[in-house]
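If you're matching positions, the sequence shown starts at 1436 in the numbering used here and goes up one per residue.
See below for the structure under consideration.
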Amino acid sequence: MTRCGQRSSDVRGPSGSVTRAAHRVLCAGLMALLLGAAACGQGDGGGETGGLVLVAASETLALPPGAPAQVDFRLSDLQGRARPNRTLTFALVEEESSGAGGALLETPVGLTDTQGTFSARLRAGAAARFLLRARHGSDLEATVSVTVAPVTTANAQAFVVSQPGQTPASLELRLYEGGDCDQLGPDAPPPEDPLYVARIPAAGTWRLPPLTRRGQYAVLARGLDQSGALFAFGCVTFDGASLLQSALVNIPVPMGLAAPVLTGRYELASELAFAPAPPAGAVAVAEAWAGLSRCPQDPAQLWLDCTLDALGGPATRDDPLDCQVSPDEGPLGAQLAARRGLALPDKPACRGLEDEGGLPSAEAMVRALFPVPPSPLAPRVAALAELGRKAAGLFDRIRLSSSLVFYRTGRDGELAFDHIVRSMGFPVGDGFYPLAAFDRPGRFSRFRRATVTEAGTRLELSRHGFGLRLGSAARRAFALRALIAGEWPEEERAFVDALASLADDGERKGCSALDARLCPELGQPEGCLLAACMQGLSGLTARLTAGFEALDGDDLDLFMEGAATLLDRSPDGTVRALGSLKLERGGPGLWTGESRGAEGTSNLTGLWIGVRAPGS
């Protein structure tokens, strides 16, 4: 432990326990605690040094041989108040065997001024190391370590050489001692220990501070754009021995465009659309569900179409069971067709309430089996139109939520990436319904190739594919958002059975009610239409599902390639955004691709943006 009265020069430096400056602070604090208010308002006590502090303006001083210098010392009390007209004595104290090198102390004694300060003057001699000691009284002192050595510094200035068309908005220059340009790349933040940092115009020069001719240095040039993000980069190393003391040396720093830093994960939001036309499967979905309420007598008219189609015999490749009536559906079919309503003048595909003979049409008789107001079940029939509307817009747009993960390849301007789909969204009614894609093995597209354009401002993603089964995904979204939300069963066959069960003659429901109502009108025994009606409901189920199934591919069924502007670079070059919703910033990224379903291929286009994942 060091006593507060001990000379501060006796306290060890960085390798010891306490520096001289720390020693003075500690002593002053302890003295303040001991003296407290007793020191306030008391006189100086003549030559007494108790409760006083003597400090030098600097603890070290470096001089060339023969150079003059002065060092300020200040005397104050523990509260920092100056002590004027106090005597200070000075001496040069040898630290090495070489002595003080012939240094001359010009002010061996002096009085403090009104600020409690006195400037000691000396002139250096030959190379040496010694102490300049100031004392007040017999036990209060402060010392300055003086080093006299020959001048070994030189002068230089740096300037940047940019390629045509690649001039940044401003430059940040950093000077490092012992720096290595191999360790100062654009992909990492610059080290935090530069000798000097300067911001200069793009065409400016930087006068470097005096440099020792014994050192090695690196000048790091970072070209910044208008937002302060890294745009270009350059670095040069040089030896101090190459500099001159008598002349200014120019140091050129070649600078090129900085490669953007993309490694890591980005979260993407994409919106796709079929262009120029939707696939056949999407059209089939819309038509099938719209058919439930297209005509005034629906769903009775569609139900009769399905029943008539089944009367024509077993389904074949050329005549499937699809609720499409052919000219020859058998003898019973001909009888039933004769009782169908006349075509409406304004809707030729729809049938009216009377047949050709003026009798109630089959559509009118079957439609009468369905509930009407004020029956509480009447809204169920009216809600069929809403199902058709939701199905019609189901494939207008497709939203994907996904992640892009970039990896280095070791080749300039080229990256590898994984693209992982996390969810798909479909417009069901007035909003999008998202579906998680975690159960789909084909949601991963791995180890694909990405390139960054020469200017370093645009990213291009090569063609890559997914196995997402868009038809099945859309079918699930429709079931959850339209069927279940409308209190219908989510499976199509269960939905068809629930719809048919709304037909009720008071004793029978569904096909039994239809059969009991129409067979007597045809002069046939009860049960004549029962089997055909049941088969027709199977045909209606197939009609409602066929479009979805046509959109599913056997393997990879969605292919994409895209590009986007690189935006929001951090000072270290990290890209924070891919594309933007603002056109003035380059707009969103673009997708082009195709959907490969069971019945053919359809083109897709889309927009997308991405943001760097937190912590990536």
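Idealized CB from N, CA, C, for every residue including glycine.
Using three-state DSSP, classify Phe1873 as helix, strand or coil.
Taking the first residue of the sequence shown as 1, we reach residue 1873 at position 438. Residue state, collapsed to three classes: coil.
Trp1907, enclosing alpha helix (DSSP H) - first and last residue
Residue 1907 sits at position 472 when you count from the first residue of the sequence shown. With the sequence shown as reference, residue 1907 is identified as Ser, and Trp is not the correct amino acid for it. For Ser1907, the uninterrupted alpha helix (DSSP H) segment begins and ends at Leu1905 to Phe1913.
Among Gly1906, Ala1935 and Asp1990, nearest to Gln1736 - alpha-carbon criterion
Against the sequence shown, residue 1736 aligns to sequence position 301. Relative to Gln1736, the option among Gly1906, Ala1935 and Asp1990 whose CA is nearest is Ala1935.
Is it a yes or a no for the stretch 2036 to 2045 touching the stretch 1693 to 1710, going by three-plus beta-carbon pairs under 8 Å?
Segments in contact, yes.
Are Pro1695 and Gly2050 touching if we call contact CB-CB under 8 Å?
Along the sequence shown, one-based indexing puts residue 1695 at 260. Along the sequence shown, one-based indexing puts residue 2050 at 615. Pro1695 places its beta carbon 8 Å or farther from that of Gly2050.
Could you name the residues that DSSP lists as bridge partners for Ser1605?
Position 170 of the sequence shown, counted from the start, is the residue given in the question as residue 1605. As DSSP reads the structure, Ser1605 sits in a beta bridge with Pro1636 and Leu1659.
Look at the alpha carbon of Gly1958 and the alpha carbon of Phe1709, and state the distance between them as a whole number of angstroms.
Residue 1958 sits at position 523 when you count from the first residue of the sequence shown. Residue 1709 sits at position 274 when you count from the first residue of the sequence shown. One alpha carbon belongs to Gly1958, the other to Phe1709, and they sit about 51 Å apart.
Between the C-alpha atoms of Phe1673 and Gln1505, what's the straight-line distance to the nearest angstrom?
As a working note, residue 1673 is residue 238 in the sequence shown. As a working note, residue 1505 is residue 70 in the sequence shown. Between Phe1673 and Gln1505, the C-alpha separation is close to 35 Å.
Collapsed DSSP secondary structure at Gln1680 in the structure displayed:
Counting from one through the sequence shown, the residue named residue 1680 turns up at place 245. Gln1680 falls in the coil class under three-state DSSP.
Does the contact criterion of 3 or more C-beta pairs under 8 Å hold for the stretch 1861 to 1868 versus the stretch 1988 to 1998?
Counting C-beta pairs with one atom in each stretch, the stretch 1861 to 1868 and the stretch 1988 to 1998 have fewer than three that are closer than 8 Å, which means they do not touch.
Do Pro1585 and Pro1645 have their CB atoms nearer than 8 Å?
For the purposes of this step, residue 1585 is taken as the residue at position 150 of the sequence shown. For the purposes of this step, residue 1645 is taken as the residue at position 210 of the sequence shown. Cβ atoms of Pro1585 and Pro1645: not closer than 8 Å.
Flag this pair as yes or no: are the beta carbons of Ala1715 and Gly2035 separated by less than 8 Å?
Within the sequence shown, numbered from 1, the residue matching residue 1715 stands at position 280. Within the sequence shown, numbered from 1, the residue matching residue 2035 stands at position 600. Yes.
Per-residue burial, Asp1733 [other beta carbons within 10 Å of its own, 16 or more giving buried]:
Stepping through the sequence shown from its first residue, residue 1733 is reached at position 298. A buried status is given to Asp1733, since no fewer than 16 other beta-carbon atoms sit within 10 Å of its beta-carbon.
Would you report the Cα separation of Ala1985 and His1899, rounded to the nearest angstrom?
Working through the sequence shown from its first residue, we reach residue 1985 at position 550. Working through the sequence shown from its first residue, we reach residue 1899 at position 464. For Ala1985 and His1899, the distance between alpha carbons rounds to 22 Å.
Integer-rounded CB distance, given that Arg1978 should sit under 8 Å from Cys1758
By one-based count along the sequence shown, residue 1758 stands at place 323. By one-based count along the sequence shown, residue 1978 stands at place 543. In this structure Cys1758 touches Arg1978 by the C-beta definition: roughly 5 Å separates them, less than 8 Å.
Can you tell me whether DSSP reads Thr1751 as helix, strand or coil?
Counting from one through the sequence shown, the residue named residue 1751 turns up at place 316. DSSP places Thr1751 in coil when its eight states are reduced to three.
Can you tell me the Cα-Cα spacing of Val1583 and Phe1841, whole angstroms?
Sequence index remark: in the sequence shown, residue 1583 carries index 148 (1-based). Sequence index remark: in the sequence shown, residue 1841 carries index 406 (1-based). Cα to Cα, Val1583 sits roughly 57 Å from Phe1841.
Which residue's Cα is closest to the Cα of Thr1844: Leu1896, Thr1698 and Phe1830?
Locating residue 1844 in the sequence shown gives position 409, where the first residue counts as 1. Residue Thr1698 is the option with its Cα nearest to Thr1844.
Taking one C-beta from the stretch 1675 to 1694 and one from the stretch 1586 to 1597 each time, how about it: are there three or more such pairs within less than 8 Å?
Short answer: they touch.
If you draw a straight line from the alpha carbon of Thr1980 to that of Pro1806, how long is it in whole angstroms?
Taking the sequence shown and counting its residues from 1, the one referred to as residue 1980 is at position 545. Taking the sequence shown and counting its residues from 1, the one referred to as residue 1806 is at position 371. Approximately 26 Å between the Cα atoms of the pair.
Length of the line joining the Cα atoms of Arg1700 and Ala1693:
Residue 1700 sits at position 265 when you count from the first residue of the sequence shown. Residue 1693 sits at position 258 when you count from the first residue of the sequence shown. Here the alpha carbon of Arg1700 sits roughly 20 Å from the alpha carbon of Ala1693.
Considering only residues of the stretch 1763 to 1829, which uninterrupted beta strand (DSSP E) runs meet the minimum length of 3 residues and lie entirely inside it, listed in chain order?
For the stretch 1763 to 1829, there is no continuous beta strand (DSSP E) assignment of 3+ residues that stays within its boundaries.
For Gln1736, which three-state DSSP category applies?
As a position in the sequence shown, residue 1736 is number 301, starting the count at 1. DSSP, read as helix, strand or coil, puts Gln1736 in helix.
Quick one: what's got a C-beta closer than 7 Å to Arg1518's C-beta in the same chain, skipping five residues either side?
By 1-based counting over the sequence shown, the position of residue 1518 is 83. The residues Asp1479, Leu1487, Leu1510, Ser1511, Asp1512, Thr1547 and Gly1551, in chain order, have a CB closer than 7 Å to that of Arg1518 in the same chain once the five nearest residues on each side in sequence are set aside.
Roughly how many angstroms lie between the CA atoms of Glu1764 and Ala1920, to the nearest whole one?
Locating residue 1764 in the sequence shown gives position 329, counting from the first residue. Locating residue 1920 in the sequence shown gives position 485, counting from the first residue. Rounded to the nearest whole angstrom, the C-alpha separation of Glu1764 and Ala1920 is 38 Å.
Nearest by alpha-carbon distance to Val1720: which of Pro1766, Gly1828, Gly1747 and Pro1811 is it?
As a working mapping, residue 1720 is identified with position 285 in the sequence shown. Check the Cα spacing between Val1720 and each of Pro1766, Gly1828, Gly1747 and Pro1811: the tightest is with Gly1828.
How should Asp1987 be labelled, buried or exposed, when 16 other C-beta atoms within 10 angstroms of its C-beta is the threshold for buried?
As a first step, residue 1987 is located in the sequence shown; it is residue number 552 there, counting from the start. When all chains shown are included, Asp1987 counts as buried.
With burial defined as no fewer than 16 other Cβ atoms inside 10 Å of the residue's Cβ, what is the status of Gln1970: buried or exposed?
The count along the sequence shown starts at 1 and reaches residue 1970 at position 535. With a 10 Å radius around the Cβ and a threshold of 16 neighbouring Cβ atoms, Gln1970 comes out buried.
Which same chain residues end up closer than 6 Å to Val2010 when comparing Cβ atoms and leaving out the 5 residues on each side of it in sequence?
One-based indexing of the sequence shown puts residue 2010 at position 575. Close CB contacts of Val2010 within its chain, under the 6 Å cut and outside five residues either way in sequence, are with Pro1695, Leu1697, Leu2001 and Arg2004 (chain order).
Nearest-angstrom Cα distance between Asn2038 and Lys1944?
Translated into the one-based positions of the sequence shown, residue 2038 becomes position 603. Translated into the one-based positions of the sequence shown, residue 1944 becomes position 509. The alpha-carbon of Asn2038 is positioned some 46 Å away from that of Lys1944.
Given a cut-off of 8 Å on the beta-carbon distance, is the pair Gly1747 and Gly1768 in contact?
One-based indexing of the sequence shown puts residue 1747 at position 312. One-based indexing of the sequence shown puts residue 1768 at position 333. One thing to note: Gly1747 has its Cβ within 8 Å of the Cβ of Gly1768.
By Cβ distance below 7 Å, which residues in the same chain neighbour Gly2041 in space, the five residues on each side in sequence not counted?
The sequence position of residue 2041 within the sequence shown is 606, counting from 1. Here the set comprises Ser1705, Glu1706, Leu1707, Ala1708 and Trp2026.
What does Asp1512 pair with, by DSSP beta-bridge criteria?
Along the sequence shown, one-based indexing puts residue 1512 at 77. The partner list for Asp1512 (beta bridge, DSSP) reads Leu1487.
Taking the alpha-carbon of Arg1952 as reference, which of Gly1534, Pro1766, Arg1774 and Gly1614 has the nearest alpha-carbon?
Sequence index remark: in the sequence shown, residue 1952 carries index 517 (1-based). For Arg1952, the nearest C-alpha among the options comes from Arg1774.
Whole-number beta carbon distance between Ala1563 and Ala1538, since they are thought to touch under 8 Å
For the purposes of this step, residue 1538 is taken as residue 103 along the sequence shown, with counting starting at 1. For the purposes of this step, residue 1563 is taken as residue 128 along the sequence shown, with counting starting at 1. At roughly 7 Å, the Cβ-Cβ gap stays under 8 Å, so Ala1538 and Ala1563 are in contact.
What does the alpha-carbon distance come out to for the pair Ala1967 and Val1760?
Start at 1 with the first residue of the sequence shown, and residue 1967 comes out as number 532. Start at 1 with the first residue of the sequence shown, and residue 1760 comes out as number 325. Distance between the alpha carbons of Ala1967 and Val1760 is about 13 Å.
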